[in-house]
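What follows is a single structure, written as structure tokens, with notes after it.
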Amino acid sequence: MTASPPERIFHIATAADWRRTLGSGTYTTSTVGVTLEEEGFIHASRREQVQGVFDRYYRSLHEDLVLLTIDTTRLESEVRVEPVGDDTYPHVYGPINRRAVVDVAPLSRTGAVESVMSLWVKEMARRMGLALLVMALIAVVVLLVQRLA
26 MTASPPERIF
36 HIATAADWRR
46 TLGSGTYTTS
56 TVGVTLEEEG
66 FIHASRREQV
76 QGVFDRYYRS
86 LHEDLVLLTI
96 DTTRLESEVR
106 VEPVGDDTYP
116 HVYGPINRRA
126 VVDVAPLSRT
136 GAVESVMSLW
146 VKEMARRMGL
156 ALLVMALIAV
166 VVLLVQRLA
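Below, the structure written as structure tokens:
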């Protein structure tokens with residue numbers, strides 16, 4: 026007998042895949058680079074399994090990632106809790122409808138959930154650093170032109 030799925034399950038997605046869902050209304054990526062159609066189900070996890078999944082499959086990815094929180098009571102597709110190795114994982118047998126996703130949180134490069142504010146601060150710091158670099162290059166060019174004149 027299989028266990029019933031928890032009310033909340035989680036799925037790590039690329040931000041690009043999630044953006045496509047906003048347009049289509051359904052999420053159909055099983056795991057990185059593999060579609061629901063190819064795999065037959067969408068991999069998911071319980072909250073305490075997320076970090077391990079990130080470490081095994083997503084840590085080396087150089088894309089923006091998000092953690093989807095899925096309410097199984099709103100999900101239109103079947104969820105089965107199935108054995109994988111010495112543990113069990115929830116698998117979604119069909120697309121994930123947008124209404125079932127109750128939270129989307131950005132993930133850091135270590136797999137930690139980040140707040141939108143911390144992402145904004147990091148992005149602003151990166152942009153300010155680039156702006157300072159450009160200003161320094163402009164100053165060097167101006168000084169060189171003045172010396173040559």
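Residue numbers (this note's numbering): 26 to 174.
Where a beta carbon is used, it is the ideal one built from N, C-alpha and C, also for glycine.
Computed from a predicted model, the values in this text were never measured in an experiment.
One question on the structure: do residue i and residue j come within less than 8 Å of each other, judged by their Cβ atoms?
| i | j | result |
| --- | --- | --- |
| E106 | P115 | Contrary to the premise, residue 106 reads as Val rather than Glu in this sequence. It is a contact, given that the beta carbons lie within the stated cut-off. |
| D96 | E32 | yes |
With distances taken Cα to Cα, identify the nearest neighbour of residue i among the options.
| i | options | result |
| --- | --- | --- |
| G65 | R81, S55, F35, R44 | S55 |
| A38 | T113, V126, G110 | V126 |
| P30 | T53, R72, R81, V57 | R72 |
| E88 | A41, R152, M153, D112 | A41 |
| E101 | T53, M153, R172 | T53 |
| L90 | T113, D111, F35, T97 | F35 |
| T94 | H68, G154, A156 | H68 |
Can you look up residue i in the DSSP assignment and give me helix, strand or coil?
| i | result |
| --- | --- |
| A130 | strand |
| S85 | coil |
| D111 | coil |
| T39 | strand |
| L92 | strand |
| M26 | In this predicted model, M26 has a pLDDT of only 46, less than 50, meaning its place in the structure is not dependable; the value taken from the coordinates is given anyway. Note: M26 maps to coil in three-state DSSP. |
| E32 | coil |
| S102 | coil |
| V57 | coil |
| T51 | strand |
Can you say whether residue i is buried or exposed, counting buried as having 16 or more other CB atoms within 10 angstroms of its CB?
| i | result |
| --- | --- |
| D128 | exposed |
| L132 | buried |
| T46 | buried |
| M26 | Because M26 carries a pLDDT of 46, less than 50, the predicted location of this residue cannot be relied on, and the following value inherits that uncertainty. Per the 10 Å Cβ criterion, exposed. |
| D164 | What sits at residue 164 in the sequence shown is Ala, not Asp. Answer is exposed; the Cβ neighbour count stays below 16. |
| Y82 | exposed |
| V175 | Because the chain is modelled from 26 through 174, residue 175 falls outside the range shown and cannot be assessed. |
| A161 | exposed |
If residue i and residue j are in contact, beta carbons under 8 Å, what's the gap, nearest whole angstrom?
| i | j | result |
| --- | --- | --- |
| T60 | R123 | About 17 Å separates the two Cβ atoms, so there is no contact after all. |
| V104 | L92 | V104 to L92, Cβ: 17 Å. No contact. |
| V78 | S70 | 5 Å |
Within 8 Å of any Cβ in chain B, is that where the Cβ of residue i sits?
| i | result |
| --- | --- |
| A41 | Absent here is chain B; the protein component of the structure consists of one chain. |
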